[in-house]
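Working notes, beginning with the structure itself.
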Amino acid sequence: MQFLKGITFAPFCPKGSFLTKEAFESFDHLAEGTGANFITLVPNALQETPQSEEIDFTSDATISDEELISMIDYIHKKGLLVALKPTVNCKNGTWRAHINFFDKDVPCEPKWGNWFRSYTEFQLHFARLAKETGCEMFIAGCEMVQTDRRSEEWRKLIAQIRTVYDGPVTYNADKYQEDNVTWWDCVDYICSSGYYPTDDWDRQLDRIEAVVEKFKKPFFFAECGCMSTRGAGKVPNDWTVRGEIDLQEQADWYQTMFEACRKRSFVQGFCLWDWAWKQYPLCKADANWGYDIYGKPAQQIVKKYYDMF
188 MQFLKGITFA
198 PFCPKGSFLT
208 KEAFESFDHL
218 AEGTGANFIT
228 LVPNALQETP
238 QSEEIDFTSD
248 ATISDEELIS
258 MIDYIHKKGL
268 LVALKPTVNC
278 KNGTWRAHIN
288 FFDKDVPCEP
298 KWGNWFRSYT
308 EFQLHFARLA
318 KETGCEMFIA
328 GCEMVQTDRR
338 SEEWRKLIAQ
348 IRTVYDGPVT
358 YNADKYQEDN
368 VTWWDCVDYI
378 CSSGYYPTDD
388 WDRQLDRIEA
398 VVEKFKKPFF
408 FAECGCMSTR
418 GAGKVPNDWT
428 VRGEIDLQEQ
438 ADWYQTMFEA
448 CRKRSFVQGF
458 CLWDWAWKQY
468 PLCKADANWG
478 YDIYGKPAQQ
488 IVKKYYDMF
């Protein structure tokens, strides 16, 4: 496995986003200023609530196939690898980790079987597109904690994806959940979201390493990042943190993560969260409190380590 120096580009962007010059200019800034060799694209789908059985990937909330194909081609021509990670979200704002149903089917209640049928249709659509466009990896979902226990359904889904896509297939487990997924044996890589507090990296890497040793699979962080907000380094996963803008706290978090991980040979890469399709002006970088690194001290940390790896 090639060491992945990745960034998630334009996650959940709506239809029309990749028809703009701003999207391609934003990607050019990423390609020229980060040292990245790997891009994850995240087509969005929606279900009404965590207990809804139907997933819609045909609305204006989902980037069009034509736009996605064009952007993948552009990224490839720039010499970077591409992963597709189709991800479902809940329209009512509930985090997808809470998508859940009764373990046993109950009459008149929503069911896992119906949901997985809809989810499979969604995944297979983009797996075919990944095959058509030569994507180097397919990530069959992200941080779906309550679904992780449904081993039989996940194994069936991964097998179905392999009938239409012949590259590496994996699943993006949530932070702290790496050792709760029992079906890592059926994917090619183990990966997870590395939103760990600044002072907890060594302990979490010890825990993850045990999972990697058990399944004998390559590992990378499919997501990782920290907002440039005071206090975000303690809870980098919490996108609701608000407070004073602190560019140095974000930079320090990245420095700590890279230093901790480069001592661990089992960590084979990162995919940072995230880089927007429409960036703020560079002169306003110091006024941005989000996960973006464009124009912030964290970007220089990322570039330094990505050039080093």
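Heads up, the sequence shown is in this note's numbering, so the first residue is 188 and it goes up one at a time. In this text, a Cβ means the ideal position worked out from N, Cα and C, and glycines have one as well. Bear in mind that the values here come from a model prediction, so they are computed numbers and not experimental data.
Assuming Pro237 and Thr281 form a contact by the criterion Cβ under 8 Å, report the distance between their Cβ atoms to the nearest whole angstrom.
That belief holds up - the Cβ atoms of Pro237 and Thr281 are roughly 5 Å apart, short of 8 Å.
Sort Leu469, Thr227, Met331 and Lys421 by Cα distance to Lys192 and report the nearest one.
Answer by Cα proximity: Thr227.
Would you list, in sequence order, the uninterrupted beta strand (DSSP E) runs of no fewer than 3 residues that lie entirely inside the segment 330-393?
Runs found: 356-360 and 377-380.
With DSSP as the reference, identify every bridge partner of Asp243, one or two as the case may be.
Answer is Leu233, bridged to Asp243.
Taking the alpha-carbon of Glu396 as reference, which of Asp366, Trp370 and Tyr383 has the nearest alpha-carbon?
When only C-alpha atoms are compared, the closest one is Asp366.
Tell me the DSSP secondary structure of Gly328 in three-state form.
Correct three-state label for Gly328: strand.
Answer with buried or exposed for Ser415, where buried requires no fewer than 16 other C-beta atoms within 10 angstroms of its C-beta.
Its Cβ being crowded by 16 or more others within 10 Å, Ser415 is buried.
Does Glu410 come out as helix, strand or coil in the three-state DSSP assignment?
Note: Glu410 maps to strand in three-state DSSP.
With a CB to CB cut of under 8 Å and the five nearest residues on each side skipped, what residues in its chain are close to Ala284?
Excluding residues within five positions, the ones whose Cβ falls inside 8 Å are Glu330, Met331, Val332, Gln333 and Asp361.
Along the chain, which unbroken stretches of the alpha helix (DSSP H) at least 4 residues long are found entirely within the segment 428-461?
The segment 428-461 contains these whole alpha helix (DSSP H) runs: 434-449.
Terminal residues of the continuous beta strand (DSSP E) containing Phe496?
Segment: none, Phe496 is in no beta strand (DSSP E) and carries neither H nor E.
Under the rule that 16 or more other beta-carbon atoms within 10 Å means buried, what is Val378, buried or exposed?
Strictly speaking, residue 378 in this sequence is Cys, with Val absent from that position. Buried: at least 16 other Cβ atoms inside 10 Å.
Taking its Cβ as the centre, do 16 or more other Cβ atoms sit within 10 Å of Glu446, making it buried, or is it exposed?
Exposed: under 16 other Cβ atoms inside 10 Å.
Could you check which residue in Gly477, Lys483 and Glu410 has the C-alpha nearest to that of Thr195?
Closest option to Thr195, Cα to Cα, is Glu410.
Quick one: grab the DSSP three-state call for Ile226.
Three-state result, Ile226: strand.
Let me check one thing: in DSSP terms, what residues is Thr416 bridge-paired to?
Note: Thr416 sits in a beta bridge opposite Ile432.
Would a C-beta distance cut-off of 8 Å place Gln435 and Ile488 closer than the cut-off?
No, the Cβ-Cβ distance between Gln435 and Ile488 is not below 8 Å.
Give every residue of the same chain whose Cβ lies closer than 7 Å to the Cβ of Gln347, excluding the five residues on either side of it in the sequence, and list them in chain order.
So the list reads Thr307 and Leu311, once near-sequence residues are dropped.
Please work out which residues of its chain come closer than 8 Å, Cβ to Cβ, to Asp439, disregarding the five sequence neighbours upstream and downstream, and give them in chain order.
For Asp439, where only same-chain residues beyond five positions count, the Cβ hits under 8 Å are Thr385 and Gly420.
Using three-state DSSP, classify Lys192 as helix, strand or coil.
It is a strand residue.
Near Trp464, which residues of its chain fall below 6 Å by C-beta distance, leaving aside the five closest residues on each side in sequence?
Around Trp464: Ala197, Cys200, Ser204, Ala210 and Ser213.
On the DSSP letters alone, give me the boundaries of the beta strand (DSSP E) that Leu271 sits inside.
Element bounds for Leu271: Leu268 to Leu271.
So which of Tyr363, Ile242, Asp433 and Thr350 has the shortest CA-CA distance to Arg304?
If we check each option's Cα against that of Arg304, Ile242 comes out closest.
State yes or no: is the C-beta of Tyr382 within less than 8 Å of the C-beta of Gln391?
Contact: no.
Quick check: what's the CA-CA separation for Phe407 versus Gln189?
When rounded, the distance between both Cα atoms is 11 Å.
Does the CB of Phe457 have a neighbour CB from chain C at under 8 Å?
Here chain C cannot be found, since the structure has a single protein chain.
Assuming Trp299 and Arg342 form a contact by the criterion Cβ under 8 Å, report the distance between their Cβ atoms to the nearest whole angstrom.
At roughly 14 Å, the Cβ-Cβ gap does not stay under 8 Å, so Trp299 and Arg342 are not in contact.
Residues in the same chain with beta-carbon distance under 7 Å from Ala314, minus the five sequence neighbours each way, listed in chain order, please.
Result list for Ala314: Phe325, Ile348, Val351 and Tyr352, in chain order.
Beta-carbon within less than 8 Å of Asp247's beta-carbon, same chain only, minus the 5 sequence neighbours each way: which residues are those?
Pro201, Lys202 and Gly203, listed in sequence order.
Quick one: give me the first and last residue of the beta strand (DSSP E) that Thr274 is part of.
Element bounds for Thr274: Thr274 to Cys277.
When the Cα of Trp216 is compared with those of Asp393, Trp476, Gly412 and Leu469, which residue comes out closest?
The residue you asked about is not Trp; residue 216 is His in the sequence shown. Selected option, being the one with the closest Cα: Leu469.
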